[in-house]
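Heads up: the structure comes next, in structure tokens.
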Amino acid sequence: MSLLTAKPIAFILTADRTKAKPFYAGALGLPILSEDDFAVTFDLGDGATIRLTDLPGHTGASHTVLGWGVADIRTAAAELKAKGVTFRVYEGFGQDADAIWSPPGGGAQVAWFTDPDGNVLSLTQFA
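Below you can see the structure in the form of structure tokens.
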């Protein structure tokens, strides 16, 4: 078996599924595949999934737990903002007015946002 042919599953923790589930399904537009007493599974496309798993007391991950590569970061960010998603601005990063970071030398543009638990998610447009 090769992991190159396996379908990725991202595990993201939540302290409050009643807040997190509508964020992933509504704001992010991810279809729900299944739900049980411990988690809800969302479709990421191409066989990849997110398993949003209950963990009482979880306070969110301060690092990026999942990101999406997008063709047009400004359009993708504007669509999410229209659905109520707030993008993070990190002190010293020099992000632009849309909270998009362009690293010195180029190569990619990144915008970060959080889910209701504070888990960091991102959009990336590669050059």
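First residue of the sequence shown: 171, per our numbering; consecutive thereafter. By construction, the Cβ of each residue, glycine as well, lies at the ideal position given by its N, Cα and C atoms. None of the values given here were measured: they were computed from a predicted structure.
From the listed residues PHE193, LYS177 and MET171, the smallest Cα separation to GLY288 is found for PHE193.
For the pair VAL290 and THR229, the Cα-to-Cα distance works out to about 11 angstroms. Around the beta-carbon of PHE283, 16 or more other beta-carbon atoms lie within 10 Å, marking it buried. Three or more Cβ pairs closer than 8 angstroms define a contact, and the region 176–196 meets that threshold against the region 204–224. Sequence-distant Cβ neighbours of GLN265 in its own chain, meaning closer than 7 angstroms and more than five residues away, are VAL259 and TRP271. DSSP, read as helix, strand or coil, puts ILE243 in helix. When DSSP states are grouped into helix, strand and coil, THR175 belongs to the coil group. Out of PRO226, GLY262 and ARG187, the CA that lies nearest to the CA of PHE212 is found in ARG187. LEU203 and LEU173 have their alpha carbons spaced roughly 22 angstroms apart. Within the region 200–259, the runs of alpha helix (DSSP H) at least 4 residues long that lie entirely inside it are, in chain order, 243–252.
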